[in-house]
Every structure is written in structure tokens, then in C-alpha cells.
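K.L.:
Using the working numbering, the letters of the sequence shown correspond one by one to residues 14 to 236.
Heads up, the beta-carbon is just placed ideally off N, CA and C, and yes, glycines get one too.
Nothing here was measured: the structure is a model prediction, and the numbers come from that model.
Have a look at the structure that comes next, please.
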Amino acid sequence: MYLVAIGGYALVTVSRSVRRRAQHLSSEPLSLVYARIAVLAVVGAGVVYLLNQNRQPNKEGTPIEGMPWVVPLIVVLLVGLTLLLTKTRFGRHLYAVGGNPEAARRAGIDVGRMRVAAFAVEGALFGLGGIALASYTGGVPLDIGGGNTLLYAVAAAVVGGTSLFGGRGRIRDAVLGGIVIAMIPNGLLLKANVNAAFQYIITGGFLLLAASADALGRRRQST
């Protein structure tokens with residue numbers, strides 16, 4: 014899967030750059046494309062190597078090694094949703110409705126239909142997230158999804174750069190934001206005797222900073 018992913022990315026990016034250069038259109042230098050592929054290959058190889066190590070802290074316990082199914086699932090969703098938002102009419106209309114519903118309506122976009130479609134896609138992603146959460150916890154207790162789950166979900170999108178006012182955001186930024194948010198509790202667990210309230214404080218601080226930067230950037234654009 015690693016070789017297929019890296020090979021597919023290299024084939025698409027190189028062929029696109031060569032095709033645009035042949036048509037005398039603006040394109041990235043091939044050296045930059047090759048450098049990006051090399052960095053992605055090295056990072057991906059490191060991730061695959063680390064995931065294939067035994068992560069069981071108890072030496073006598075069952076070995077925990079191999080890539081979790083959620084990793085290729087996230088990669089597939091990342092590629093698929095990115096293409097949906099950037100290469101289709103649905104994605105352009107979705108950004109338009111999120112940015113300015115009235116302007117989108119005047120441009121002939123069915124705003125109500127787009128909102129229903131957006132909630133439908135969102136519901137499907139919620140279902141996948143619920144399956145992943147149930148597999149992680151080993152079941153579906155009555156209080157599943159409680160606690161800071163909603164806070165982390167919102168914080169991951171906002172920290173990644175998704176605008177709370179709509180019309181701006183990318184799938185890869187949400188994934189990177191999720192990685193940043195997940196590093197906070199995991200990092201605090203490395204330090205003994207840390208109050209659990211600090212997780213909420215630090216995560217809330219990141220969320221507050223991201224929301225403030227979003228509001229300031231939106232105000233600057235409007236002026």
C-alpha cells in the first residue's frame with residue numbers, strides 16, 4: 014500500500030507538471046516536484062517502519078504491531094474528499110455556499126440542496142468515525158462519544174485552518190490539525206502527575222488562538 018500510494022502520487026504530480034509545461038502553462042519546477050515526492054517517500058517509510066514495530070508496553074502481552082486500518086482509511090478519505098472539493102462542481106458550489114449563501118443563490122446554486130448534501134456527507138463521515146471509535150474502545154458503552162470528543166473534533170478542524178465563518182478549509186489541513194490535537198494528550202501523558210484539566214486548558218487555548226486568528230483574518234479581508 015505504501016508503494017502504491019507513493020507511486021500513484023509521483024505519477025500524477027510528475028505527469029501533470031510535464032503536461033502543463035508541454036502546453037506552455039505555468040507549472041512547478043520538476044526539481045520541486047521530485048523533492049516533494051522524496052520527502053513524502055521518506056516520511057511515509059518512517060511511519061510504516063514505526064507502525065510495524067511492537068507497540069505493546071507489556072513484554073508478556075500480545076504483540077501490537079502493524080499498520081492500523083484507520084491509517085489507510087484516512088488516506089483514502091483524504092484523497093477522495095480532496096478531489097471531491099477541488100475537482101468537481103459540487104465542491105465549488107459547496108465553497109460558494111459556505112462563503113456567501115446569498116451570492117451563491119444569485120449565481121443559480123440551489124443553496125438548500127447543497128446544505129442537505131453537505132449534512133448527508135457529514136453524517137456518513139460521522140458514521141465512519143463512530144465505527145473507528147467503537148473499534149478503538151472495543152465496544153459501544155452508553156457514554157461513548159462523551160467527554161472531550163466533540164472538543165477535539167472541532168479543535169482539529171479549526172486548528173487546521175477551517176474557517177468558523179464558512180467558505181474556507183481543506184481536508185489535509187483538518188488531518189494535520191487532528192494530529193496536532195492528538196499530540197497534546199499523548200504528550201501530557203508522558204509527564205507524571207499532570208492534572209487532566211490541563212488537557213482541556215491547553216486544547217481550549219489552541220482552539221481560542223485558531224478562532225481568533227480566523228476572525229482577525231476575516232475582518233482584514235473585509236476591510
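1. Determine the direct distance from the alpha carbon of Ile184 to that of Ala224, and round the result to whole angstroms.
2. Is the Cβ-Cβ distance between Ile194 and Tyr165 less than 8 Å?
3. Taking all protein chains shown into account, decide if Leu229 is buried (16 or more other Cβ within 10 angstroms of its Cβ) or exposed.
4. Leaving out the 5 sequence neighbours to the left and right, which residues in its chain are closer than 7 Å to Val61 when beta-carbon positions are compared?
5. Would you grab the beta carbon distance between Met127 and Val110 for me? Rounded to a whole angstrom, and I think it's under 8 Å.
6. Return the first residue and the last residue of the alpha helix (DSSP H) that Arg118 is part of.
7. Measure the beta-carbon distance from Ala169 to Gly190 and round it to whole angstroms, keeping in mind my assumption that it falls under 8 Å.
8. So what's Asp186 in DSSP terms, helix, strand or just coil?
9. Got a sec, what are the start and stop residues for the alpha helix (DSSP H) Gly140 sits in?
10. Indicate the three-state DSSP secondary structure (helix, strand or coil) for Lys72 in the structure shown.
11. Count the other CB atoms, across all protein chains shown, that sit within 10 Å of the CB of His106; report buried if there are 16 or more and exposed otherwise.
12. Does Ala166 get closer than 8 Å to chain D when you measure Cβ to Cβ?
P.N.:
On the basis of the coordinates in this document:
1. Cα to Cα, Ala224 sits roughly 18 Å from Ile184.
2. yes
3. exposed
4. Tyr15 and Met80
5. Contact flag correct, Cβ pair sits at about 5 Å.
6. Pro114 to Arg119
7. 4 Å
8. Helix at Asp186.
9. Segment Val124 to Thr150, the alpha helix (DSSP H) holding Gly140.
10. coil
11. Classification of His106: buried, given that the 10 Å Cβ count is 16 or more.
12. Among the protein chains of the structure shown there is no chain D, as only one such chain exists.
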